[in-house]
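Chain order of the listed sequences is C and W. Note that our numbering gives residue 57 to position 57 of the first sequence, counting from 1, and the numbers run on in steps of one. Start counting at 1 in the second sequence, then tack on 116, and there's your number in our numbering.
Protein chains: 2
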Amino acid sequence: MFEKNMRYAFLLDAYGEVLDGHAKAIMTAYYEDDLSLAEIAEGEGISRQGVRHVIKKSEEQLDFLESKLRLAEHYSAIDEISLELSDISAKLIATSDASLLEYADRINNLLKKLKQ
Amino acid sequence: MFEKNMRYAFLLDAYGEVLDGHAKAIMTAYYEDDLSLAEIAEGEGISRQGVRHVIKKSEEQLDFLESKLRLAEHYSAIDEISLELSDISAKLIATSDASLLEYADRINNLLKKLKQ
Numbered sequence: 001m002f003e004k005n006m007r008y009a010f011l012l013d014a015y016g017e018v019l020d021g022h023a024k025a026i027m028t029a030y031y032e033d034d035l036s037l038a039e040i041a042e043g044e045g046i047s048r049q050g051v052r053h054v055i056k057k058s059e060e061q062l063d064f065l066e067s068k069l070r071l072a073e074h075y076s077a078i079d080e081i082s083l084e085l086s087d088i089s090a091k092l093i094a095t096s097d098a099s100l101l102e103y104a105d106r107i108n109n110l111l112k113k114l115k116q
Numbered sequence: 117m118f119e120k121n122m123r124y125a126f127l128l129d130a131y132g133e134v135l136d137g138h139a140k141a142i143m144t145a146y147y148e149d150d151l152s153l154a155e156i157a158e159g160e161g162i163s164r165q166g167v168r169h170v171i172k173k174s175e176e177q178l179d180f181l182e183s184k185l186r187l188a189e190h191y192s193a194i195d196e197i198s199l200e201l202s203d204i205s206a207k208l209i210a211t212s213d214a215s216l217l218e219y220a221d222r223i224n225n226l227l228k229k230l231k232q
């Protein structure tokens with residue numbers, strides 16, 4: 001049984017660029033476009049077994065990178081920090097104290113940078 | 117002429133964990149501890165040429181990872197964001213408005229998370 005683990009959708013997002021073009025296309029088809037092994041095999045002109053092999057190897061590569069770099073974890077922390085900053089900015093604006101708007105603006109600019 | 121490019125000290129910081137143990141030890145000796153090729157060769161029990169080869173290969177690997185993941189760039193942006201948040205927190209505290217201390221505290225907590 002070949003199981004789809006959605007953890008790899010996140011890892012693909014973080015490290016997909018490191019995979020070679022062929023592996024990235026297959027992983028994207030499988031994890032983002034939700035195609036079946038048979039559909040991917042047909043599209044790539046290889047066997048289902050070949051597709052399975054590329055997915056397995058790519059998953060190992062993504063696991064290795066995450067074990068070393070913890071990027072998926074880092075980006076998830078950045079998401080939480082962004083939410084908290086948005087809330088602080090909104091609360092500063094809600095005080096209706098004009099002198100605080102400058103800080104809310106600066107925080108909003110930082111939020112844009114965090115999302116880049 | 118074999119030149120030391122300090123850009124690799126930053127990349128080593130971002131991606132060093134991905135290198136194998138031997139390569140990481142040599143790159144750390146060269147870029148962080150500032151040992152000479154001859155000193156590293158003696159310590160590792162290999163030729164200067166061998167050390168040079170490992171450094172060259174490791175630099176290529178770091179360049180590849182940065183071209184794909186842009187982590188060094190990302191961490192440098194995070195450093196700038198942290199400085200700006202520290203400044204906002206300090207200014208909120210300096211207002212002497214007790215109701216703003218809560219926001220400064222929350223920002224300081226986020227700063228700790230950003231540095232993890």
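Built from N, CA and C at the ideal position, the CB exists for glycine as well.
With DSSP collapsed to three states, give me the class of S212 (chain W).
coil
Counted within 10 angstroms of its Cβ, other Cβ atoms place Y146 (chain W) as buried (16 or more) or exposed
Label assigned to Y146 (chain W): buried.
Could you check the C-alpha separation between H169 (chain W) and L185 (chain W) for me, to the nearest Å?
24 Å
Per DSSP, what kind of secondary structure is N121 (chain W) in: helix, strand or coil?
coil
Just confirm the distance between the C-beta atoms of N129 (chain C) and S89 (chain C), as a whole number of angstroms; I'd bet it's less than 8 Å.
Nothing can be reported for residue 129 (chain C), as the shown portion of chain C is limited to 1 through 116.
Could you check whether the region 147-156 of chain W touches the region 91-105 of chain C, counting it as contact only if at least three pairs of C-beta atoms, one from each stretch, sit closer than 8 Å?
No, they do not touch.
Can you tell me where the alpha helix (DSSP H) with K109 (chain W) in it begins and where it stops?
Any question about residue 109 (chain W) goes unanswered here, given that chain W covers just 117 to 232.
Given a threshold of 16 other Cβ atoms within 10 Å of its Cβ, counted over all protein chains shown, does S192 (chain W) qualify as buried or as exposed?
exposed
For S58 (chain C), count neighbouring Cβ atoms within 10 angstroms of its own Cβ and tell me buried if that reaches 16, exposed if not.
buried
Run through chain A and tell me which residues come within less than 9 Å of Q232 (chain W), C-beta to C-beta.
Although the question refers to chain A, the structure presented lacks it and instead comprises the protein chains C and W.
Name, please, each residue of chain W whose Cβ falls closer than 7 Å to the Cβ of I81 (chain C).
L226, K229, L230
Where K229 (chain W) sits in the DSSP three-state scheme
When secondary structure is reduced to three states using DSSP, K229 (chain W) falls in the helix class.
Runs of alpha helix (DSSP H) lying entirely within the region 36-63 of chain C, each at least 4 residues, in chain order
List check, alpha helix (DSSP H) in window: 37-44.
Tell whether a beta-carbon distance below 8 Å holds between V260 (chain W) and L187 (chain W).
The shown model of chain W, from 117 to 232, leaves out residue 260 (chain W), and the question about it has no answer.
Compare the C-beta of E133 (chain W) against all C-beta atoms of chain C and say whether one is closer than 8 Å.
Yes, because at least one Cβ of chain C sits closer than 8 Å to the Cβ of E133 (chain W).
Tell me which residues of the region 25-36 of chain C have at least one Cβ-Cβ distance to chain W shorter than 7 Å, keeping chain order.
none
Assuming L201 (chain W) and L227 (chain W) form a contact by the criterion Cβ under 8 Å, report the distance between their Cβ atoms to the nearest whole angstrom.
6 Å
So Y8 (chain C) contacts chain W; which residues on that side make the cut at Cβ distance below 8 Å?
Correct list: empty, because the minimum Cβ distance to chain W is about 17 Å.
At 7 Å on the CB atoms, spell out the chain W contacts of K68 (chain C), in chain order.
E133, V134
Can you tell which of C:I26, C:K56, C:K115 has its C-alpha closest to the C-alpha of E3 (chain C)?
C:K56
Rounded C-beta distance between M27 (chain C) and G43 (chain C)? I'm assuming under 8 Å.
Cβ-Cβ separation between M27 (chain C) and G43 (chain C): approximately 13 Å, too far for a contact (criterion under 8 Å).
Chain W contact for I93 (chain C) (CB, 8 Å cutoff):
no
Taking all protein chains shown into account, do 16 or more other C-beta atoms lie within 10 angstroms of the C-beta of A154 (chain W), making it buried, or fewer, making it exposed?
exposed
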